[in-house]
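Asks: In this text, residue positions in the sequence shown follow my numbering: the first is 43, and each later residue adds one.
Yeah, the Cβ is synthetic: ideal placement off N, Cα and C, and Gly gets one too.
The structure under discussion is supplied below as structure tokens; questions concerning it will follow.
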Amino acid sequence: MSLQRADGAATALLRLSTAWRRSAASATTRSGAWRNLGRGLSSARNSTDDGGAAAKRSKAGKLPDNANVAVLGGGLTGLTTAYYLAKWLPATTKITLLEGGDRLGGWIRTDKVPVRVGGVEGVVNFERGPRSFSSLNKSTWRFDDLVLWDLALDLGLKVVSPPDQPRYIYYPDHLVPLPPHTSLAAFAREPVVLESLWAGFGYVMRRLFSRKDGVPVQDLSIADWIYHITGSKAVAENLASAMVHGIYGGDIYTLSARSVLDRFYWVHYLPALGPNIRHMAISEQTFMEAMGQDPQIRKLAQQPRGALLNFGETGMETLPIALGDALKGQANVEVKLNAKVTDIDYDSETELIKITTGENSSEKYHKVISTLPSQHLARITDDIPSLGSSQAVSIMTVNIWYPQTNLKPPGFGYLIPLSVPPEQNPERALGVFFDSDVGVRGPDEPAGTKLFVLMGGHYYDTKKEHGPTVRVPSEEEAIQQAKAVLERHLGIPQSTPCFAMARLANECIPQYNRGHQDTMAAADQELHDSFKGRLAVAGGSYTKIGAMGALRNGYDIANTVARENWLTTGLEQLEFPTQFCGVPTERIPVRRFSRR
């Protein structure tokens, strides 16, 4: 393993942090529009104190060299956290990774399954969870991919990117190809666009006459916010809901626009900067500049590539396996499987965290970082009541392989918006991914059509505020439902011979519902009060969901604990208004810009 690779990026991150915050804050004050944004963000906090409780806490600096540290959860966030802790902390620090199951990797799982259908046989690679990373190759708002490139260099992994292919939305009864893989003229003739024309007019009028409006104090749902800025529900129900189904499996009427839409939300309130300047959060700028100083990371990040990244024929599980092997190769790291945490307590006499696993087996730690889902963490300790309101949706996934080819149009797949009539989607499918086109065939995998059907999400939530719910099917029922979806949408008869398997991913996607940031601020205070900063949290329940977000979550919490403030809760940054700046494109060394 390569924990010893020169870590110039992390060192640069510390060196640049103060300087960049100072220079970016100075740039911010030069524009009246930016000052107005600051006031709007402050009012949107709904905070009753004068700067936030977290701002008043003194930083504890680095961990003691002989500290005993535990990381809870062996998913992608937990593995990344433990990896960077082992890389940055002294060898005298003991690091224990506790995983409740019998394998590492969490929802990421690549199964190699022998199949025999219609006289065709072989071993087919099935991704049972995330099938790729979003490359972020065109994003100047997020730079989470830099962690992937850092890990790939450390671990010697080859990352590949399939060529971009068409994406579709199913509406109202057929697949609609999305630009740039169809002409704008053809796209404009589709009902999904025609029904949204009024929204475009409404948006322009509101921008003209409401330029001085600040960020709303109320945390609006995605649907309500889009209606607020356009005066139309069509864009939310036809387009935004499809996107949200593909990422969150969630309901646009309950998810927070502020927490979910991210760039789309904040840039609406930021001043125009011109063609060669990009909006950026100051914290993201600091991270980007520091990581971009590593020429190897910079080279990988600049390579032209498509929208998706994966590990080719070895599958997505390649990364967690490599991280697990790297950790097991460290003398001061212990990885424990089947170590389900049942209780977390703070011992005020020793100022240590007591972790109980299995049959009342316990150990004490100086620092514990939980990457468990927030609702799970709330169940094993009574000291963070705010997390008891956290929610997550369950997704029924169905992998299907047909020995025939050309059963579908070329593309990455399609998403199904909330507005599709029930008769066209009685199964409450969220989308279908064309794994034949997204992934790479394994060495013994025969040609065929490989599909991945997602169903349920918020439709399975019996406590949802908006719209009807459906019963969670059994795995056998789910396979039949998936076949019905494919027959209706793609014309593949249900009787077509195939291999299929289903799995319910229970509570697999956290939901950032309205009030999410307030909930996190309350949880931050509870962690500080009850555990004195000895317990921190990280993962999709709190900041960023998805596989790429998991890597960034692990990197960030490890960096803070190992190098900045070991008594962090992991949530302090969510208590403050987000600060933004403008960055010229020539100062974004990890993105390739077309030259005109």
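(1) Using the rule of at least 16 other Cβ atoms within 10 Å of the residue's Cβ for burial, across every protein chain shown, is Gly198 buried or exposed?
(2) How many angstroms separate the CA atom of Lys525 from the CA atom of Leu496?
(3) Quick check on Gly575: buried or exposed, where buried means 16 or more other Cβ atoms within 10 Å of its Cβ?
(4) Is the beta carbon of Met590 closer than 8 Å to that of Asp187?
(5) Over what stretch of residues does the alpha helix (DSSP H) that includes Lys341 continue unbroken?
(6) Does the region 527–541 come close enough to the region 415–426 that 3 or more CB-CB pairs lie under 8 Å?
(7) How should Ala133 be labelled, buried or exposed, when 16 other C-beta atoms within 10 angstroms of its C-beta is the threshold for buried?
(8) Check whether the Cβ of Asp153 sits closer than 7 Å to any heavy atom of the ligand NAD, and report yes or no.
(9) To the nearest whole angstrom, what separates the beta carbons of Lys378 and Val111, a pair I think is in contact under 8 Å?
(10) Please tell me whether Ser181 and Tyr554 are closer than 8 Å, where the distance is taken between their beta carbons.
(11) If we call anything under 8 Å between Cβ atoms a contact, is Ala323 one with Gln621?
(12) Does the beta-carbon of Phe494 have 16 or more other beta-carbons within 10 angstroms, so that it is buried, or is it exposed?
(13) Whose C-beta lies closer than 6 Å to the C-beta of Asp261 among residues of the same chain, with five residues either side of it excluded?
(14) Return the bridge partner residues of Ala542 from the DSSP annotation.
(15) Report the option in Leu131, Leu114, Tyr501, Tyr407 whose CA atom is closest to the CA atom of Thr602.
(16) Which residue from Tyr307, Val440, Ile411, Gly371 puts its Cα closest to that of Glu518?
(17) My parser needs the beta strand (DSSP E) runs of 3 or more residues fully inside the region 529–601; what are they?
(18) Would you mind stating whether Ile339 and Met330 have Cβ atoms separated by less than 8 Å?
(19) Once the 5 residues before and after Gly82 are set aside, which same chain residues still bring their CB inside 7 Å of it?
(20) Exposed or buried, Val246, counting other C-beta atoms within 10 Å across all chains shown (16 or more means buried)?
(21) Does the beta-carbon of Arg629 have 16 or more other beta-carbons within 10 angstroms, so that it is buried, or is it exposed?
(22) Kindly list the residues whose CB is nearer than 7 Å to the CB of Ala282, restricted to its own chain and excluding five residues on each side of it in sequence; keep chain order.
(23) When DSSP builds the beta bridges, which residues end up paired with Ile411?
(24) If the criterion is Cβ atoms closer than 8 Å, does the pair Ile395 and Ile551 meet it?
(25) Assess, as a yes-or-no matter, whether the region 469–486 is touched by the region 213–233 under the definition of 3 or more beta carbon pairs within less than 8 Å.
(26) Based on the DSSP output, what are the partners of Asn167 in its beta bridges?
(27) Counting Cβ pairs closer than 8 Å, one from the region 232–240 and one from the region 466–473, do we hit at least three?
(28) Residues in the same chain with beta-carbon distance under 7 Å from Ala489, minus the five sequence neighbours each way, listed in chain order, please.
Replies: Taking the coordinates as given:
(1) Classification of Gly198: exposed, given that the 10 Å Cβ count is below 16.
(2) Distance between the alpha carbons of Lys525 and Leu496 is about 12 Å.
(3) So Gly575 ends up on the buried side.
(4) In this structure, the beta-carbon distance from Asp187 to Met590 falls below 8 Å.
(5) Bounds of the alpha helix (DSSP H) holding Lys341 are 337–344.
(6) Output reads no: the region 527–541 does not touch the region 415–426.
(7) The residue in question, Ala133, is exposed, as its Cβ has fewer than 16 Cβ neighbours within 10 Å.
(8) As far as ligands go, the structure on display features none, and thus does not contain the ligand NAD.
(9) Not confirmed; about 13 Å, so no contact.
(10) Contact annotation: Ser181 and Tyr554 have beta-carbon atoms that are not nearer than 8 Å.
(11) Yes.
(12) Around the CB of Phe494, 16 or more other CB atoms lie within 10 Å, so the residue is classed as buried.
(13) Within its own chain, the residues whose Cβ lies closer than 6 Å to the Cβ of Asp261, once the five positions on either side in sequence are excluded, are Ser298, Arg300, Arg556, Gly557, listed in chain order.
(14) According to DSSP, Ala542 bridges with Ile442.
(15) For Thr602, the closest alpha carbon among the candidates Leu131, Leu114, Tyr501, Tyr407 is that of Leu131.
(16) Considering only alpha carbons, the answer is Val440.
(17) With a minimum length of 3 residues, the continuous beta strand (DSSP E) runs that stay inside the region 529–601 are 541–553, 577–579.
(18) Not a contact, by the Cβ cut-off of 8 Å.
(19) The predicted position of Gly82 is uncertain, since its pLDDT is 36 and thus under 50; no value can be drawn from it.
(20) Classified as exposed, Val246 has fewer than 16 neighbouring CB atoms from the shown chains inside 10 Å of its CB.
(21) With fewer than 16 other Cβ atoms within 10 Å, it is exposed.
(22) Cβ within range, chain order: Ile264, Ile268, Ile294.
(23) Answer is Val113, Ala578, bridged to Ile411.
(24) Contact: no.
(25) Too few Cβ pairs lie closer than 8 Å, so no.
(26) Per DSSP, the beta-bridge partners of Asn167 are Lys154.
(27) Output reads no: the region 466–473 does not touch the region 232–240.
(28) Excluding positions up to five away in sequence, the list reads Thr447.
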